[in-house]
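Quick notes on the structure that follows.
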Amino acid sequence: MTVQVGPAGIWDSEAIADVAAATFPLACPPDATRDDIAAFIDEVLSAERFSEYLTDPSRTVLKVTNHGAIVGYAMLVNGEPSDPGLADLLTLRPTTEISKFYVVPGKHGTSVASALLAAIVERAITDARASLWLGVNQLNQRAQRFYAKHGFEQVGTRTFSVGTQVHNDFVMQRDLRPK
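Count the sequence shown with our numbering and you get residues 362 to 540, in order.
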């Protein structure tokens with residue numbers, strides 16, 4: 362499969378929002394309600410919000426295309442975590458958060474996610490980042506296995522709100538320093 366990974370542009374906002382709406386529910390725990398998931402998508406993953414993210418200098422949105430169609434995306438956030446407890450968990454600086462990392466269901470188990478993560482790692486190393494970090498729902502074992510396979514280690518926990526519900530995430534970090 363031939364995929365291309367590169368920076369998204371403002372013109373991609375709607376297509377990425379469509380991918381986000383299709384993929385976010387798959388990462389939610391089974392007890393997440395439809396209403397809470399829909400509220401999160403409306404508040405955080407709309408085309409309007411992606412337009413904001415794409416013009417925010419502290420964020421980078423990468424897209425993965427296959428035959429011209431966006432089949433996945435990631436959002437990277439540079440800078441210190443705003444939560445002091447979370448900042449204490451992350452021991453390697455400077456760091457970049459992988460805030461969003463999603464691939465459409467028909468492309469799971471292919472090279473799409475690995476290509477996207479490889480591009481993220483390459484960008485972070487080029488930007489002299491010491492680490493990457495992310496939160497992954499504690500019940501999402503498939504994602505946890507993927508991240509562990511790619512060098513991420515669990516360093517703690519955090520909570521993550523979806524609508525009116527609070528869920529538990531593992532915080533995972535990957536050391537990017539030369540060995």
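Where a beta carbon is used, it is the ideal one built from N, C-alpha and C, also for glycine.
Below 8 angstroms on the Cβ atoms is my guess for residue i versus residue j; work out the distance and round it to an integer in Å.
| i | j | result |
| --- | --- | --- |
| Tyr463 | Tyr434 | 6 angstroms |
Counting C-beta neighbours from all protein chains within 10 Å, is the total for residue i 16 or more, i.e. buried, or is it exposed?
| i | result |
| --- | --- |
| Trp494 | buried |
| Val473 | buried |
| Arg538 | exposed |
| Arg395 | exposed |
| Lys540 | exposed |
| Ser492 | buried |
| Thr525 | exposed |
| Thr384 | buried |
| Thr421 | buried |
Who are the Cβ neighbours of residue i in its own chain at under 7 angstroms, not counting the five residues just before and after it?
| i | result |
| --- | --- |
| Val497 | Ala504, Gln505, Tyr508, Asp530, Phe531, Met533 |
| Ala382 | Ile402, Leu406 |
| Arg490 | Pro455, Thr456, Thr457, Leu537 |
Going by beta carbon distance, what residues of the same chain come within less than 6 angstroms of residue i, once the five residues before and after it are set aside?
| i | result |
| --- | --- |
| Leu447 | Arg519 |
| Val527 | Thr520 |
| Leu477 | Val366, Val425, Gly433, Ala435 |
| His511 | Leu478 |
| Pro391 | none |
| Pro442 | Ala448 |
| Gln499 | Asn529, Phe531 |
Just to confirm, are residue i and residue j a CB contact at a threshold of 7 angstroms?
| i | j | result |
| --- | --- | --- |
| Val364 | Val425 | yes |
| Asp397 | Val523 | yes |
| Ile371 | Ser412 | yes |
| Ser374 | Ala399 | no |
| Ala393 | Asn501 | no |
| Phe513 | Arg484 | no |
Answer yes or no: does any C-beta atom of chain B fall closer than 7 angstroms to that of residue i?
| i | result |
| --- | --- |
| Val465 | No chain B is part of this structure, which consists of one protein chain only. |
Could you pull out every residue in the same chain whose Cβ sits closer than 8 angstroms to the Cβ of residue i, ignoring the five residues on either side in sequence?
| i | result |
| --- | --- |
| Ser419 | Val438, Asn439, Gly440 |
| Ile486 | Leu537 |
Counting beta carbon pairs with one atom in the region 424-431 and one in the region 441-453, are three or more of them shorter than 8 angstroms?
The region 441-453 is not in contact with the region 424-431.
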